[in-house]
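Reviewing the structure listed below.
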Amino acid sequence: MSGIDVLKALKENPLTKSIPTLLLTNLGEESIIKEGFELGADGYLLKVSYTPAQVVEESRKFITEKKS
Numbered sequence: 001m002s003g004i005d006v007l008k009a010l011k012e013n014p015l016t017k018s019i020p021t022l023l024l025t026n027l028g029e030e031s032i033i034k035e036g037f038e039l040g041a042d043g044y045l046l047k048v049s050y051t052p053a054q055v056v057e058e059s060r061k062f063i064t065e066k067k068s
């Protein structure tokens with residue numbers, strides 16, 4: 001199951017469709033990014049551009065922003 005498949009499942013379920021979602025990937029393919037946003041993703045992070053610690057920090061920022 002791909003991340004896009006997981007996103008589809010989350011957004012199709014009434015209980016999970018409003019959960020903010022951040023796409024984390026090493027694939028910079030524009031078509032995948034576009035599909036993710038069309039499915040309802042709220043953000044995108046290309047992991048290859050960040051260290052693991054930065055990925056964690058950016059993810060925390062995203063969560064904090066969505067909570068407020």
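In terms of the UniProt record's numbering, the sequence shown opens at residue 1 and continues consecutively. Note that beta-carbon positions come from the ideal geometry of N, C-alpha and C, so glycine has one too.
Among the options, which one has its Cα closest to the Cα of residue i?
i	options	result
N13	L22, L39 and E58	L39
K61	T21, K17 and G36	T21
Where do the ends of the alpha helix (DSSP H) carrying residue i lie?
i	result
G43	No alpha helix (DSSP H) holds G43; the beta strand (DSSP E) holding it covers G43 to L46.
By the three-class DSSP mapping on this structure, what secondary structure does residue i have?
i	result
T64	helix
L15	coil
L23	strand
V2	With the sequence shown as reference, residue 2 is identified as Ser, and Val is not the correct amino acid for it. Correct three-state label for S2: coil.
L39	coil
E30	helix
Which first and last residues belong to the beta strand (DSSP E) in which residue i is found?
i	result
T51	Taken as a continuous stretch (DSSP letters only), T51 belongs to no beta strand (DSSP E), as it is neither H nor E.
Can you give the beta carbon distance from residue i to residue j, rounded, assuming they're within the 8 Å contact cut?
i	j	result
I4	E30	Rounded, the Cβ-Cβ distance is 14 Å, inconsistent with contact.
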